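To keep things clear, I will list the structure first and then write my remarks on it.
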Amino acid sequence: MEDSKAFWRRLLFAFALVAVLWAVKLYEWFTQIDLGSWGILPQHIFGLKGIIFAPFIHGSFEHLLSNTVAILPLLVILLNAYPTIALRVLIFIHLVSGFLVWAFTFPNGFHIGISGIIYGIAAFLLASGIMRKDKTSATISILVALLYGSMAAGFFPKAGISWQSHVWGAVSGIIIAFIFRKKNLPAPESNEEQVEEKEHFFE
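When we follow my numbering, the leftmost residue of the sequence shown carries the number 939, and every step to the right adds one.
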């Protein structure tokens, strides 16, 4: 019962975060105010504020919709698979990926959108499956690879796309996966469970 309540709370949190993204876009649409200048402008002091605000700003409803479809499943998986560290993972990816975009990207325009965080979460889930080596993490890693493998194309330069956000988002996800590789680990199987499991397999 408690597990069920926890799941619904995490699901609500995921939808609430996405709702904030839509609220920002609707505000921009109703007021006709362009919030793009609140994005990350690399290597300019003025652009530092974008580290905080850029993920909440999207260039179009199509841009926002595609990111919504991508991030919702990742959020639900992250929050439920790694409940004790999920929030710290999100904050780390948000801030570190944003800073890396600001520090190491050519200043040719503002970078907006939550795609860097999407790549960061996906990279965290993939890397965690490799580093942790437990069954749950490995299964999630394979699932993410199957569902989001096509996102690898986003690492290559393309006009109008902040591919740098994708790269630095993935880098930050791998870094935090390494930092937290021994956190939120599943309980080790008892000897009885291991024996019972072996009885169901032929060698």
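Where a beta carbon is used, it is the ideal one built from N, C-alpha and C, also for glycine. It should be emphasised that the depicted structure is a prediction, and the values quoted were computed from it without experimental measurement.
Contact under 8 Å by Cβ, residue i with residue j
i: G1107; j: G1058; result: yes
i: I1055; j: I1078; result: no
i: A1060; j: L1012; result: yes
i: I1050; j: A1008; result: no
i: R948; j: L1010; result: no
i: R1115; j: S1066; result: Looking at the sequence shown, residue 1115 is not Arg but Ala. Against a cut-off of 8 Å, the Cβ pair of S1066 and A1115 comes out as a contact.
i: V962; j: T1006; result: no
i: V1027; j: F1118; result: yes
i: G988; j: G1036; result: yes
i: A1083; j: L1064; result: yes
i: L1167; j: F994; result: Since the first and last residues shown for the chain are 939 and 1141, residue 1167 lies out of range.
Local Cβ density within 10 Å of residue i, reported as buried at 16 or more and exposed below that
i: V1039; result: buried
i: L964; result: exposed
i: S1053; result: buried
i: I1068; result: exposed
i: L1033; result: exposed
i: H996; result: buried
i: V1133; result: Because the pLDDT of V1133 is 48, which lies under 50, any placement of that residue in the model is unreliable, and the number read from its coordinates should be weighed accordingly. It is exposed - the Cβ of V1133 has fewer than 16 other Cβ atoms within 10 Å.
i: L979; result: buried
i: S1088; result: exposed
i: F1062; result: buried
i: I1113; result: buried
i: S942; result: exposed
i: I1015; result: buried
i: V1109; result: buried
i: L973; result: buried
i: W946; result: exposed
For residue i: DSSP bridge partner residues
i: H1049; result: I978
Every unbroken alpha helix (DSSP H) inside the segment 1021–1045 [4 residues or more]:
Taken in chain order, the complete alpha helix (DSSP H) segments of 4 or more residues contained in the segment 1021–1045 are 1024–1042.
Could you check whether the segment 1001–1014 touches the segment 1100–1115, counting it as contact only if at least three pairs of C-beta atoms, one from each stretch, sit closer than 8 Å?
No, because fewer than three Cβ pairs between the segment 1001–1014 and the segment 1100–1115 fall closer than 8 Å, the two stretches do not touch.
Considering only residues of the segment 963–1020, which uninterrupted beta strand (DSSP E) runs meet the minimum length of 3 residues and lie entirely inside it, listed in chain order?
Qualifying beta strand (DSSP E) stretches: none in this window.
Closer than 8 Å is the cut-off here; do at least three beta carbon pairs connect the segment 1064–1075 with the segment 1088–1095?
Judged by Cβ distances under 8 Å, the segment 1064–1075 makes no contact with the segment 1088–1095, as fewer than three pairs qualify.
Pairs of beta-carbons, one from the segment 964–984 and one from the segment 1017–1033, closer than 8 Å: are there three or more?
No, because fewer than three Cβ pairs between the segment 964–984 and the segment 1017–1033 fall closer than 8 Å, the two stretches do not touch.
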